[in-house]
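First residue of the sequence shown? That's 5 in my numbering, and the numbers climb one at a time after it.
The C-beta atom is built at its ideal place from N, Cα and C for all residues, glycine as well.
The structure under discussion appears below in the form of structure tokens.
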Amino acid sequence: MRKFFLLFIIPFFILSCDNTPEVTLKNFPDKWHYDKSTTIVISNLQENQIDHINFYIDSIIKGGAIVNDTIVIPALSHIPLGKHEFIIRFFSNKKFIKEIKKPFTLYAKHPPVKLSFELIQSFPHDINAFTQGLEFDGDTLYESTGLNGASSIRKVNYKTGEIIKKYDFTPEIFAEGLTLWQDSLLVLTWKNGKGFVFDKNSFESIGEFPYHKSKEGWGLCHNEKYIFKSDGTNQLWILDPETLKELRSVPVYAYHHAIKNLNELEWANGLIYTNVWQKNALAVIDPATGQVIGVLDLSSLLKHIKKHPRLDVLNGIAYHQPSGHFFVTGKNWDKIFEIKINWPEVKKENKLPFH
5 MRKFFLLFII
15 PFFILSCDNT
25 PEVTLKNFPD
35 KWHYDKSTTI
45 VISNLQENQI
55 DHINFYIDSI
65 IKGGAIVNDT
75 IVIPALSHIP
85 LGKHEFIIRF
95 FSNKKFIKEI
105 KKPFTLYAKH
115 PPVKLSFELI
125 QSFPHDINAF
135 TQGLEFDGDT
145 LYESTGLNGA
155 SSIRKVNYKT
165 GEIIKKYDFT
175 PEIFAEGLTL
185 WQDSLLVLTW
195 KNGKGFVFDK
205 NSFESIGEFP
215 YHKSKEGWGL
225 CHNEKYIFKS
235 DGTNQLWILD
245 PETLKELRSV
255 PVYAYHHAIK
265 NLNELEWANG
275 LIYTNVWQKN
285 ALAVIDPATG
295 QVIGVLDLSS
305 LLKHIKKHPR
315 LDVLNGIAYH
325 QPSGHFFVTG
335 KNWDKIFEIK
345 INWPEVKKEN
355 KLPFH
């Protein structure tokens, strides 16, 4: 069997069409994964006298070659995860004879690592706080709470649960996640179409910013260069910290599917940790590629919290840099938990605790 190698990063998808040569494929994969190559066999080429093909991704030409019967597709590592369109054009005697278009989705390279944790200790938490966001500034914990008529931002003594300072939003505001940026506190709203900027010390309101392509506000974090925003989809929106405008988005995918309902966000050691709404688990995202590389099931914490009618799901992640530990809580939980997250070696058989 003759072979050639494409010199570019090209996924290969073909859908047969009427009024065109009967080109067929063998070994065609159902899924494509980031940074992995594959081989596809084409049949009926000699019969149809197809002597050249050109390849495109999202209408951008990626390469072409004189056709034999086997194509080795190099590793896909320079296009974002998610949905794309593949186009292949066939030529015979230098004349174009056929174009085929096919949508495709690129998924993460490996199944995520299943993480474990050690429960270090727990602290009191306001059982009336419908927690949306948590973030540490040294040993001072900032928290945002939601619901119309109950939304607030707070400074909290995490060891005692004491609320040091509090700002209550007006009843039409449903507050969401927060993050600290220099001396400012940025707070999202769910469906009000805007976020707020406060002085982190006085809680004085110093500005607002609108949403653009993202329709809702869920979670915020930053890496000292960019601000990351979730909107309940599988997109991480990247904001300019000076203008707070959305620059672009990064789609988030695991090995077999998109991870939707990204909620509260936390940046730690080059990775983004996120709650997945309605799941008592965290997903860990490589922000450079959008791949989910780790998952952590925290459902065992539920046995330590008080059961009551308003009890809701896990929500709230804060990285405590002095200890290297994470603090997590939930909506209307009576405790906040200090945990140490452990990373084992990669095991391909690991599965997400949410599907």
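Kindly indicate the opening and closing residues of the beta strand (DSSP E) around residue i.
i: Trp-271; result: 266-272
i: Gln-136; result: 135-141
i: Leu-275; result: 275-280
i: Asn-284; result: Note, Asn-284: premise wrong, no beta strand (DSSP E); not H, not E.
i: Val-332; result: 329-334
i: Asn-238; result: Unbroken run through Asn-238: none, as it is neither H nor E.
i: Lys-169; result: 167-172
i: Val-360; result: Outside the modelled stretch of the chain, which goes from 5 to 359, sits residue 360, for which no answer is possible.
i: Ser-148; result: 144-149
i: Glu-342; result: 339-346
i: His-385; result: For the chain, the structure presents residues 5 to 359; residue 385 sits outside this window and is missing.
i: Gly-294; result: Looking at the DSSP string, Gly-294 is not in any beta strand (DSSP E), and its letter there is neither H nor E.
i: Ala-322; result: 318-324
Taking 8 Å as the threshold (C-beta atoms), are residue j and residue i in contact?
i: Lys-195; j: Glu-176; result: no
i: Phe-94; j: Ile-101; result: yes
i: Gly-211; j: Glu-180; result: no
i: Phe-331; j: Ile-345; result: no
i: Gln-295; j: Tyr-38; result: yes
i: Lys-339; j: Ile-309; result: yes
i: Leu-269; j: Ser-234; result: yes
i: Leu-266; j: Gly-223; result: yes
i: Asn-336; j: Leu-315; result: yes
i: Leu-286; j: Thr-278; result: yes
i: Pro-245; j: His-261; result: no
i: Ile-276; j: Ile-289; result: yes
i: Glu-139; j: Ala-322; result: yes
i: Leu-182; j: Asp-141; result: no
Cα separation between residue i and residue j?
i: Gly-334; j: Pro-107; result: 39 Å
i: Glu-342; j: Tyr-162; result: 10 Å
i: Gly-197; j: Phe-178; result: 11 Å
i: Phe-367; j: Gly-165; result: The requested residue 367 is not part of the displayed model; the chain covers only 5 to 359.
i: Glu-208; j: Val-191; result: 13 Å
i: Thr-135; j: Ser-156; result: 10 Å
i: Asn-205; j: Asn-58; result: 59 Å
i: Pro-348; j: Gly-274; result: 18 Å
i: Pro-78; j: Tyr-111; result: 15 Å
i: Leu-248; j: Ile-168; result: 28 Å
i: Phe-213; j: Trp-241; result: 14 Å
i: Pro-115; j: Ala-133; result: 35 Å
i: Lys-66; j: Glu-103; result: 15 Å
i: Leu-302; j: Val-117; result: 15 Å
i: Gln-125; j: Glu-147; result: 19 Å
i: Ser-218; j: Glu-250; result: 8 Å
i: Arg-158; j: Ser-81; result: 42 Å
i: Asn-97; j: Pro-291; result: 46 Å
Tell me residue i's beta-bridge partners as DSSP assigns them.
i: Asn-161; result: Thr-144
i: Gly-86; result: Leu-110
i: Gly-223; result: Ser-234
i: Leu-96; result: The sequence given here places Ser at residue 96; Leu does not occur at that position. Lys-99.
i: Val-299; result: Lys-118 and Ala-287
i: His-37; result: Tyr-111
i: Ser-156; result: Thr-149 and Asp-172
i: Ala-69; result: Ile-57
i: Ile-91; result: Tyr-60 and Lys-105
Looking at the C-beta of residue i, does it have a partner C-beta in chain D at a distance below 8 Å?
i: Ile-309; result: In the structure shown, chain D cannot be found, because there is only a single protein chain.
- At what residue ranges does the stretch 102-133 contain a whole run of the beta strand (DSSP E), taking only runs of 3 or more? 120-128
- Message: Quick check on the DSSP output: what are the complete beta strand (DSSP E) runs of length 3 or more inside the stretch 174-218, in order along the chain?
- Response: Fully enclosed beta strand (DSSP E) runs of 3 or longer: 179-185, 188-193, 198-203 and 209-214.
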